[in-house]
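One gets this note's numbering by counting positions in the sequence shown from 1 and adding 1 to each.
C-beta: ideal position from N, C-alpha, C; glycine also.
Because the structure is a prediction, the values reported are computed rather than measured.
Here the structure is laid out as structure tokens; the discussion comes afterwards.
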Amino acid sequence: MTIHNLKLPIKRLRILLCLTFGIIINSLWACNPKAAKQEGATASQDTSQFSYTLSSGQAFTMPTVLDEISGITYLSDFPHTIFAVQDEEGILFAFDLEKDEIASEFKFAGRGDYEGLASDGTHFFVLKSNGDIYSFPIGTTDKSVVRQHTGLLPNGEYESMAYDTQTKRLHVLCKSCKEDKKAKTTTGYLLNLSSDGALSVENTFVISIDEIRQLDKTMGKSFKASAMAKHPTKEEWYIISSVDRALIVTSRDFNVEQVVRFDRDTFEQPEGLTFDEQLNLYISSEAGNKEEAKIYRIKPKR
């Protein structure tokens, strides 16, 4: 009987301690609502509002020459065709999705690490990882008209470039730049295209790493962008990171609105991003540890 009488008070004491601890924790959260908001941000992030299901894409297998596929773009004048570069040879490829074959090639430069591809409707622009940009008219087969723009951007590593049809500016985004290491940002550059074909940096913009982490606390302290594209009908930028295994959606002013994670089963090594006029999203993925590179066509949710 003595033992039973001792157990009952101890059990009640444990309950009382648990209740007291809970009250203290709740009080601390109430005193720091910002921390509470950040802690709960990941749980409240609702990807059902995202316009696409990344794992639902139709896969197109690339030939061996495109195992290292990187930047891609789409032009409405060339239906069913994705233009692409790869990060070893200075060749522009036109891949016919209906015929499942390379329709044409244009060698614009020698060997190098070519990462981004964009077009303003009259010219192609190819981004090299060191920040150099090559430009040439659409449809040209004359290498002598290729223009190389050097010294535009600070020393760093670059993979993302896109053209905004509204502002008529090229956007280039750092993957790894010195100024971002302490600032907790990813820096981008707006490039102006003059009538004589020259490029010049007009302005800069930044993506806040803190804004990304407020939506998903599992994200790292940097964001290494691999590709970017602007949605054709929404004022939104889509930016993908192969390293971080994430796609972020921002406003036109690059305020972060959504973070969508993916795994290697979905995309092995995604480094290209573009849209067509039907609002289909295309993502290119290097072969990496898999046998073949792919281009995925992802239809918008209905």
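If you reduce the DSSP assignment to three classes, tell me which class residue i lands in.
i, result
"V147", "coil"
"K312", "Here the chain covers residues 2 to 303 and nothing more, so residue 312 does not appear."
"K291", "coil"
"T275", "strand"
"E258", "strand"
"T186", "strand"
"K129", "strand"
"E106", "strand"
"T3", "Only weak support is given to the placement of T3: the predicted model assigns it a pLDDT of 37, under 50, and the value that follows is read from those uncertain coordinates. Of the three classes helix, strand and coil, the one that applies to T3 here is helix, per DSSP."
"N56", "One detail in the question is off: residue 56 reads as Ser in this sequence, not Asn. Of the three classes helix, strand and coil, the one that applies to S56 here is helix, per DSSP."
"V66", "helix"
In the DSSP assignment, what residue or residues form a beta bridge with residue i?
i, result
"M162", "V173"
"P138", "H124"
"Y115", "K129"
"E97", "This sequence places Asp at residue 97; Glu is not what is there. BP columns for D97 point to T82 and E102."
"V202", "L192"
"I286", "According to the sequence displayed, residue 286 carries Ser and not Ile. DSSP, once it has assigned bridges, lists P271 and K295 as partnering S286."
"V207", "T188"
How big is the Cα-Cα spacing for residue i and residue j?
i, j, result
"I208", "Y190", "11 angstroms"
"I70", "S201", "27 angstroms"
"T142", "W238", "32 angstroms"
"G289", "E269", "6 angstroms"
"Y297", "R246", "16 angstroms"
"G1", "H81", "A query on residue 1 cannot be resolved here, the shown segment of the chain reaching from 2 to 303 and no further."
"L216", "T205", "24 angstroms"
"K169", "I73", "19 angstroms"
"L153", "C175", "13 angstroms"
"E90", "Y115", "7 angstroms"
"G122", "L76", "7 angstroms"
"S57", "S145", "42 angstroms"
So, for residue i: in the same chain, excluding its five sequence neighbours on each side, which residues have a beta-carbon less than 7 angstroms away from its beta-carbon?
i, result
"V244", "K225"
"S177", "G157, E158 and K225"
"P233", "F276, E278 and L280"
"T188", "C175, C178, E180, D181, T205 and V207"
Considering just the uninterrupted stretch of the beta strand (DSSP E) at residue i, what are its terminal residues?
i, result
"E212", "Careful: E212 lies outside any beta strand (DSSP E), inside the alpha helix (DSSP H) at I210 to L216."
"T48", "Per DSSP, T48 belongs to no beta strand (DSSP E) and is neither H nor E."
"S252", "A247 to S252"
"Q59", "Q59 to T62"
Which same chain residues end up closer than 8 angstroms to residue i when comparing Cβ atoms and leaving out the 5 residues on each side of it in sequence?
i, result
"G198", "H124, S136 and R148"
Residues in its own chain within less than 6 angstroms of residue i by CB, not counting five upstream and five downstream?
i, result
"A104", "A95 and D97"
"I240", "A226, M229 and I249"
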